[in-house]
Every structure is written in structure tokens, then in C-alpha cells.
Amino acid sequence: MFYDPRSEPHGLAHNPWTSLVVPRPIGWISSLSDQGVANLAPYSFFNAIAGIPPFVMFSSAGRKDSQTNIEATGEFVVNMATADLKDALNTSSAAVDQAVDEFELAGLEKAPCRNVAVPRVAASPVALECILNRVVPLTARDGTKVRSEVIFGEVVGIYISDDVIVDGMLDMARIRPLARLGYMDYAITEEVFAMMRPE
Ligand SMILES: Cc1cc2nc3c(=O)[nH]c(=O)nc-3n(C[C@H](O)[C@H](O)[C@H](O)COP(=O)(O)O)c2cc1C
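Residue numbers for the sequence shown follow the numbering used here, so the first one is 525 and each next one is one higher.
This is the structure:
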């Protein structure tokens with residue numbers, strides 16, 4: 525099959541789009557409102573986009589609390605999503621009022637960050653402390669404004685739990701990162717292999 529998403533229906537029972545770029549890492553984004561209320565929500569249109577210095581991005585389909593908070597304070601944290609935290613992550617995706625603290629809703633402990641005022645998820649083994657770099661609204665080639673805006677962050681602090689460091693490396697068997705597939709499906713990284721690059 526083939527379709528042009530600008531003009532043709534996919535013709536399937538369910539939209540295949542979210543199954544076509546998989547598995548997607550989940551940026552579990554914490555932020556603070558200008559009133560100081562903590563916010564937590566998962567975003568799977570998310571990735572690390574540069575290493576030296578490290579940058580991340582995520583895309584918000586419409587203005588949500590995370591984007592509002594990040595634009596107000598200039599800070600956010602990306603917490604690593606893991607298999608052990610999947611239910612809390614799902615709970616934190618509820619569309620609740622900005623006055624609701626999703627850490628509390630999901631029964632999650634907060635831990636302080638070092639270089640941003642935003643708290644991290646204490647139980648998550650990795651947290652990336654970010655400062656807002658820029659927000660880029662998406663516009664289609666025909667000039668139509670797209671609903672999604674992309675939030676870029678520069679990573680200014682990196683927390684790694686000592687519990688997941690084995691022989692100087694992050695042990696994925698302990699972390700069991702959670703990723704997003706299409707539809708309502710998720711994947712857990714449980715099998716890892718190494719492959720050397722050709723000379
Ligand atoms: C695994 C997962 C991934 C998600 N990815 C995105 C995403 O990439 N972009 C988006 O706008 N919403 C995404 N959502 C929905 C948001 O998490 C949801 O709208 C949430 O209420 C936003 O919270 P906020 O208003 O506190 O920012 C995702 C939800 C789940 C469960």
C-alpha cells in the first residue's frame with residue numbers, strides 16, 4: 525500500500541502513523557507552573573538530538589500544560605520512562621487542570637534537581653535537567669499552520685542513579701526502558717546486543 529497523507533486516506537481500520545517510527549523513546553517531562561505547581565506528562569514525539577553539548581526536543585500537539593510551564597519558567601526535566609514506572613507514567617498522562625500536580629496524582633516522590641528548580645521523578649534512574657532553547661511552530665508547505673509545536677531544550681544537568689551503573693556503563697537490563705509503539709502498544713527493552721562498527 526501507499527498513501528500521500530496530505531490528500532489520501534490510509535484506508536486502514538486504524539491510522540498507522542504512530543506505528544511507522546518505532547520504538548519511540550518517551551520523554552517523561554516534569555515542569556513547574558508560574559504558580560509553582562509541579563507538572564508531569566509523557567511525550568513520545570521526543571528524542572535526544574545532539575550530544576556535545578546535549579540537546580533534546582519534544583513536540584506538543586496543541587498547547588498543553590508542559591509547554592505553558594516551560595515557556596513561563598524556561599526549564600524542564602526529562603525523566604527516563606521505565607517498565608517499573610509504566611502505570612505511574614500512564615496516570616500522569618491524564619488531561620487534568622494545571623493546578624493538579626501529576627506527581628501526586630500518580631503517587632510519585634519528587635527529588636530536587638541541581639541546575640533547575642523543577643523536581644525530577646525520584647524513582648526514575650535518569651533525569652536530564654534542561655533549559656528552554658526555543659519553540660518552533662510547525663507550518664506545512666502550503667502555509668497551513670500545524671497544531672504541533674516543537675520544544676527544544678539544552679541539557680544542563682544529568683542525574684544517573686548509581687544503582688544502574690555497572691562497570692562504568694548504564695545497565696539496560698536493570699533499567700528496562702519503556703518505549704512507545706503504535707496504537708496503545710508499548711515495548712520494554714529486554715534484549716541487548718553489541719555490534720562493533722567496521723574499521
Ligand atoms: C506514552 C504517551 C506518549 C505521549 N506523547 C505525546 C506527544 O508526543 N505529544 C503530545 O502532545 N502528547 C502526548 N501524549 C499525551 C500527553 O501526555 C497528554 O496530553 C498530557 O495530558 C499532557 O499533559 P500536560 O498538559 O500536563 O503537558 C502522550 C501520552 C502518552 C501516554
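Don't be surprised by glycine CBs; every beta carbon is placed ideally from N, CA and C.
State buried or exposed for residue i, treating a residue as buried only when at least 16 other CB atoms are found within 10 Å of its CB.
i, result
"Thr-606", "buried"
"Pro-549", "buried"
"Tyr-527", "exposed"
"Glu-633", "exposed"
"Val-602", "buried"
"Arg-698", "exposed"
Anyone know if the C-beta pair for residue i and residue j falls short of 7 Å?
i, j, result
"Val-674", "Glu-653", "no"
"Leu-656", "Gly-598", "yes"
"Phe-569", "Ser-583", "yes"
"Ala-630", "Ala-646", "no"
"Phe-627", "Leu-702", "no"
Among all the DSSP beta bridges, which residues are the ones paired with residue i?
i, result
"Asn-603", "Trp-552, Ala-651"
"Leu-656", "Gly-677"
"Met-581", "Asn-571, Phe-676"
Report the three-state DSSP secondary structure of residue i (helix, strand or coil).
i, result
"Met-696", "helix"
"Ile-594", "helix"
"Val-688", "helix"
"Phe-569", "coil"
"Leu-536", "coil"
"Lys-610", "helix"
"Thr-615", "helix"
My assumption, with CB atoms under 8 Å, is that residue i sits in contact with residue j. Please give the rounded CB distance.
i, j, result
"Tyr-683", "Ala-641", "Not confirmed; about 15 Å, so no contact."
"Pro-661", "Val-688", "Their Cβ separation, rounded to whole angstroms, is 37 Å, which puts Pro-661 and Val-688 out of contact at 8 Å."
Please indicate yes or no: does the CB of residue i lie closer than 6 Å to some heavy atom of ligand 2?
i, result
"Lys-588", "Here the bound small molecules are ligand 1; ligand 2 is not part of this structure."
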